[in-house]
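Numbering (this note's numbering), first residue to last: 2 to 519.
Heads up, the beta-carbon is just placed ideally off N, CA and C, and yes, glycines get one too.
From a predicted model like this one, the values you see are computed outputs, not experimental measurements.
Have a look at the structure below before the remarks.
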Amino acid sequence: MYGRLMNANFASIMPQVLGVWCEEAGHRVHYLCYTGVENLLEDLPRELDVLFIGAFTQAAHLAYALSNLFRQRGAITALGGPHARCYPEDAQRYFDYVLGFTDRSVVQELLAECEPHRPVGRAMSAARQPADLPSLAARWKFVEATLAKAPTIKIVPMIGSLGCPYTCSFCIDSTVDYQPLAFSQLTEDLRFLLAKVRRPIVAWHDPNFGVRFDDYMEAIEAADPAACIRHIAESSLSLLSEPHLVRLRKNGFQALLPGIESWYDLGNKSKTRLRGMEKVRQVSDHVNMILRYVPYIQTNFVLGLDSDEGPEPFELTKRFIDLAPGAFPAYSLLSAFGRAAPLNLEYQRAGRVLPFPFTFLNNNHAMNVRPANYRWEEFYDHLIDVTAHSFSGRAIRRRIAATGGATPRWLNLLRSVSSEGWGRIRYHRTIRRLLDADADVKTFLETGTEPLPAFYSDRIRHDLGDLHAFLPPGSIMHDPNAYLKSVENGAAVAQIQRGRHRVQASAAGTTAIAPTPT
Ligand code: B12
Ligand code: SF4
């Protein structure tokens, strides 16, 4: 239910950007945003010269199956996005090109060369994140096509900065320099949007919104002095001081998603040295203060970190739910996404990363790092307990009472009773039951040794439907230590192969962009 309502609102910006760059290079573009309900076998054009896919890791198997199908039909295939950045070695087995940082010149070089690279695809990457991106006006037709799939709430994706100045070792952006895009461009984009939509909602995809806070606010105020636009942003608690919140409210910010992460670790994100119950009190006061300015707040937690031990971290989260009833808690299971973050090397060195198939790597359907201080049964008992507490009838009622505005209340209710709240409790209970009843599941979680339990392979088959038949042989499993091996071999996998190829674009060239947010 929630997915049908919201998935189109979670579409990425980059495939739209790519569409613009390909058209600028003279190609014909067919853009398709997969929201989980389309029939890709029917909706994608049969004849393509190049198929670009943008995919998160949870959509990797879908991407691999599509690549295989379109290669059989004669297309060249390219993968970009989080999965390509995290698992390039694996993706190179199934795509002709695997792209890391992607700018206009990388795309032009690929289009000019456009050759099959098999059995191992060519890794390409710009030296850094792009210095600029096409305007909203330029990507508008792709935005419109995606939003047509959102039945009621329609959210426009925007971005004002790349990278982050902070260095949290678990984060993909900890090693990427912070780089604001031109603020004058933001103002121009927001003016364009106001001319198109009466009361637009904008979601900022910046990894950490508001680092250059005053510049940002000035850019927004210049475009929208009457604050007609409603904004959503991911930001750290350290940036959400009361004076900043006053200005955010004045400028129409309706939803904020700060990371709390843990009561014992990762304090640098919330800029606090406090730990345990002291941190719970301080953070819940802060969150309650934010709710006086902004109607909707989602607080993000990571469960299963090495700093956690025993029942206490979970009990503290339950206390937080009671003390800050208006916050919607989003729980992520500790996940090591390939080469996403420097910390993953430590987990791989310790032999703690499990080869869970990619489909399950979405922070919820599997925890692919063996916990340091819990047996799996114990961990799942605590996980179920904290999730059930967070989405109990009492917690939902208190959350709705503490939330202002009809839409935020309704969203809170819908999220709680569909896949994110009750759906997840059901899923975690299933895993807990299997830990007792299915020896394959227990062995796989404890040792990572194959065979892959039927529970998981059946779900992949069900998820992929007709496309399961196109999954390349051997692609369900991957090497969870590929990052470590490449570092130890001294091999830089994501080689920068920037040549001086002339762009041979022609009006006859056809390019398809198929992002896969699921
Ligand atoms: C904004 C964001 C979101 C937004 C928007 C999502 C979206 N569709 O873009 C929201 C809040 C909806 C979201 C949701 C989720 N997210 Co998120 N999100 C981010 C965040 C903070 C920024 C990503 C971003 O847009 N950066 C700006 C772009 C321009 O830069 P970039 O991503 O580095 O992309 C560069 C290249 O990769 C390449 N590129 C990117 N896309 C494409 C596409 C093509 C075709 C090509 C050729 C190139 C290309 O070009 C870019 C420029 O160099 C990152 C963390 C981070 N700091 O990066 C996590 C991150 C991407 N999210 C993550 C996850 C796990 C999720 C969720 C599964 C969480 C959940 N359980 O619900 C969902 C999945 C949503 C979905 N659509 O499938 C993981 C992904 C790990 C992985 N390997 O899959 C990340 C890395 C965070 C983490 N845990 O480490 N997310
Ligand atoms: S503050 Fe957020 S975006 Fe920046 S490095 Fe830390 S976790 Fe990543």
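- Comparing C-alpha distances from residue 34 to each of 51, 448, 13 shows the shortest one belongs to 13.
- Secondary structure at residue 95: coil, using DSSP grouped into helix, strand and coil.
- A straight line joining the alpha-carbon of residue 387 with that of residue 317 spans about 10 Å.
- Taking a contact as a CB-CB distance under 8 Å, the pair residue 134 and residue 415 does not count as one, their CB atoms being some 32 Å apart.
- Residue 481 and residue 354 do touch by the CB rule: their CB atoms are close to 4 Å apart, below 8 Å.
- Distances between the C-beta of residue 174 and the heavy atoms of the ligand SF4 include at least one below 8 Å.
- The beta carbon of residue 237 sits closer than 8 Å to at least one heavy atom of the ligand SF4.
- Assignment of beta-bridge partners to residue 262 by DSSP yields 302.
- By the CB criterion at 9 Å, residue 420 and residue 4 fall inside the cutoff.
- Rounded to the nearest angstrom, the Cβ distance from residue 255 to residue 180 is 27 Å, too far for a contact under 8 Å.
- The three-state secondary structure of residue 17, taken from DSSP, is helix.
- Here residue 187 is near residue 159, since their CB atoms are less than 9 Å apart.
- With a cut-off of 8 Å, the C-beta of residue 209 is classified as near the ligand SF4, since at least one heavy atom of the ligand falls inside that distance.
- One thing to note: residue 153 has its Cβ no nearer than 9 Å to the Cβ of residue 126.
- A straight-line Cα-Cα distance of about 10 Å links residue 185 and residue 219.
- Bounds of the alpha helix (DSSP H) holding residue 488 are 483-489.
- Relative to the non-hydrogen atoms of the ligand SF4, the Cβ of residue 171 comes within a distance shorter than 8 Å of at least one.
- Annotation: residue 331 is outside any alpha helix (DSSP H); the continuous beta strand (DSSP E) that includes it extends over 329-334.
- For residue 121, no alpha helix (DSSP H) run applies, since DSSP gives it neither H nor E.
- About 20 Å separates the beta carbons of residue 203 and residue 247, which is beyond the 8 Å limit, so they are not a contact pair.
- Ranking 230, 22, 251 by CA distance to the CA of residue 199 puts 230 first.
- Unbroken beta strand (DSSP E) stretches of 3 residues or longer found wholly inside the region 273-298: none.
- Take the alpha-carbon of residue 309 and the one of residue 265: they are about 7 Å apart.
- When the beta-carbon positions are compared, residue 241 and residue 206 stay at least 9 Å from each other.
- Set against 8 Å, the gap from the CB of residue 153 to the closest heavy atom of the ligand SF4 is not smaller.
- For residue 159, the uninterrupted beta strand (DSSP E) run begins and ends at 156-159, by DSSP.
- Straight-line measurement puts the Cα of residue 294 at about 48 Å from the Cα of residue 486.
- The three-state reading of DSSP puts residue 233 in strand, counting E and B together.
- Closest option to residue 323, judged by alpha-carbon separation, among 435, 484, 393: 393.
- Within its own chain, the residues whose Cβ lies closer than 6 Å to the Cβ of residue 328, once the five positions on either side in sequence are excluded, are 288, 298, 300, listed in chain order.
- Look at the beta carbons and you see the region 107-118 not touching the region 133-149: under three pairs across the two are nearer than 8 Å.
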